[in-house]
């Protein structure tokens, strides 16, 4: 293969020089041959390997992206010479206010700089920011950063470094700069794909997002699945929201949802929606341990709520109370709504039973109620208190109801 490339280089060298031919080859690859690659980190690795093969002495490259993620303000994709895979680091909100970031070349690009270029060989200890000294200590001789301009003014950053004595030559810089438009197009497509997946996972959950991305987007589309169902609701929220300052109410809700949601997700449950101060979650029965996983999630949620209430007590506030209803059965899992506005959720008699059990917790004064059907499937009848049979509003047959033992 290399001999063919050399022949192509030699053939065109007399007409236009070697560098334009090599640059065009990588540009053609970026535009025409990366369609089958979903991930920008893999494209960055292959591009850097092609740059090295073309004579551009790249030893380190990064892509810095701002993201629409509930936890991370951005991510960095890092490649170094010799690495088969790039490293991906995420950065939490608040990093943009740290002294390290404010002094960084990435921030300079975000603030409007069109280029940041630094010779590293002659930097003395303490003369420059520690970032540049770290690059120098890694054997790098020059660093350059450019903006990657996406649609609607979204500015990201690409950087390249070399360990070549004397740094990059002008031909190398021109080569890299000419790749930026194609890299911009390729990266924006992949980044928007990632953002679409992230936003869907954030607002509808990981399983529903995969269904939607795979094409389950028409009204009424979906499937019937067996699931353990959990509905949780916070007590006295109306009174709290009337009496507490708005920001305190939002903070309280977030703490409450963290306490109940983290264990659900840890045990592979799927939170389908938050409904004001309540949530709906399912544990699909395709996993053999779905019922026991749900029980573990509830117990850990109760422990987290107990810790949260200890904080409330120290602050002179009343403890938060909640109710949980649990049932098991078949549910319709899919798209429901108007022609233009859909909700990916579950419906069916089994969901109604879980909802009625959650409401029943107010009457029987027990925070967690479970149906006999769930208890028998979970094999936990001996661990639970049997409360008897109760008629549930809107349901034909009374339901045998169980509760967690008091004090546990």
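Numbering (our numbering), first residue to last: 749 to 1156.
We treat Cβ as the ideally placed atom computed from N, Cα and C, and that holds for glycine.
Practice task
Measure the alpha-carbon distance for residue 814 versus residue 1119 and round it to whole angstroms.
Solution key: So the two alpha carbons sit approximately 46 Å from each other.
Exercise for the section: Identify the continuous alpha helix (DSSP H) that holds residue 946 and give its terminal residues. Expected result: 918 to 952 is the extent of the alpha helix (DSSP H) around residue 946.
Exercise for the section: Count the other C-beta atoms from every protein chain shown that fall within 10 angstroms of the C-beta of residue 1132, then say buried if there are 16 or more, exposed otherwise. Expected result: It counts as buried.
Problem - Whole-angstrom distance between residue 904 and residue 898, CA atom to CA atom - result: Near 7 Å, if we compare the C-alpha coordinates of residue 904 and residue 898.
Handout entry: Buried versus exposed, by CB contacts within 10 Å (16 or more), residue 754
Key = The predicted position of residue 754 is uncertain, since its pLDDT is 47 and thus under 50; a value taken from the coordinates is nonetheless stated next. Flag for residue 754 reads exposed.
Exercise for the section: Would you please state the rounded distance, in angstroms, between the beta carbons of residue 1004 and residue 1105? I believe it to be under 8 Å. Expected result: About 20 Å; that fails the 8 Å criterion.
Problem - Beta bridge counterpart(s) of residue 837 as assigned by DSSP - result: Answer by DSSP bridge pairing, in chain order: 824.
Exercise for the section: From the DSSP output, in three-state form, read off residue 1060 for me. Expected result: Reduced to three states, the DSSP call for residue 1060 is helix.
Exercise for the section: Please determine, among 934, 1031, 1063, the residue with the shortest C-alpha to C-alpha distance to residue 777. Expected result: Of 934, 1031, 1063, the smallest CA-CA separation from residue 777 is found for 934.
Problem - Straight-line Cα distance separating residue 818 from residue 852 - result: When rounded, the distance between both Cα atoms is 24 Å.
Exercise for the section: Return the chain-ordered list of same chain residues with a C-beta closer than 8 Å to the C-beta of residue 831, the five sequence neighbours on each side being excluded. Expected result: If we look at residue 831 and ignore the five residues flanking it on each side, its Cβ neighbours are 793.
Problem - Limits of the alpha helix (DSSP H) - the one that residue 851 falls within - result: Careful: residue 851 lies outside any alpha helix (DSSP H) and carries neither H nor E.
Handout entry: Nearest-angstrom Cβ-Cβ length linking residue 862 and residue 913, presumed shorter than 8 Å
Key = Here residue 862 is actually not in contact with residue 913; their C-beta atoms are around 27 Å apart, not less than 8 Å.
Problem - Minimum length 4: unbroken alpha helix (DSSP H) runs contained in the region 762 to 791 - result: List check, alpha helix (DSSP H) in window: 766 to 780.
Exercise for the section: Return the Cβ separation of residue 927 and residue 774 in integer angstroms, given the expectation that the two are a contact with Cβ distance under 8 Å. Expected result: With 8 Å as the limit, residue 927 and residue 774 qualify as a contact, their Cβ atoms being about 6 Å apart.
Handout entry: Buried or exposed by the 16-neighbour rule on C-beta atoms within 10 Å, applied to residue 808
Key = Of the residues assessed, residue 808 falls on the buried side of the cut-off, its CB having 16 or more other CB atoms within 10 angstroms.
Exercise for the section: Would you mind sorting residue 1009 into buried or exposed? The rule is 16 or more other CB atoms within 10 Å of its CB. Expected result: Under a 10 Å Cβ-count criterion, residue 1009 is classified as buried, with 16 or more other Cβ atoms of the shown protein chains found around its own Cβ.
Handout entry: residue 749 - DSSP class collapsed to helix/strand/coil
Key = The pLDDT assigned to residue 749 is 39, lower than 50, so where the model puts this residue is not dependable; a value taken from the coordinates is nonetheless given after this. Residue state, collapsed to three classes: coil.
Practice task
Return the CA-CA distance between residue 1071 and residue 979, expressed in angstroms with no decimal places.
Solution key: In a straight line, the C-alpha of residue 1071 is about 8 Å away from that of residue 979.
Exercise for the section: Below 7 Å CB to CB, which residues in the same chain sit around residue 750 once its five sequence neighbours on both sides are set aside? Expected result: No answer about residue 750 holds up, because its pLDDT of 44 lies below 50 and its placement is not dependable.
Exercise for the section: Starting from residue 1095, trace the beta strand (DSSP E) both ways and give me its first and last residue. Expected result: Secondary structure note for residue 1095: its beta strand (DSSP E) is the uninterrupted segment 1090 to 1095.
Exercise for the section: Taking the CB atoms as reference points, tell me whether residue 1116 and residue 977 lie closer together than 7 Å. Expected result: Against a cut-off of 7 Å, the Cβ pair of residue 977 and residue 1116 comes out as no contact.
Exercise for the section: Could you check which residue in 920, 1093, 942, 943 has the C-alpha nearest to that of residue 799? Expected result: Selection 920, 1093, 942, 943 evaluated against residue 799 yields 920 as nearest (Cα-Cα).
Problem - C-alpha gap between residue 1063 and residue 1026, whole angstroms - result: Rounded to whole angstroms, residue 1063 to residue 1026 spans 24 Å at the Cα level.
Exercise for the section: Could you spell out the range, first to last residue, of the alpha helix (DSSP H) harbouring residue 707? Expected result: With the chain running from 749 to 1156 in the structure shown, residue 707 is simply not present.
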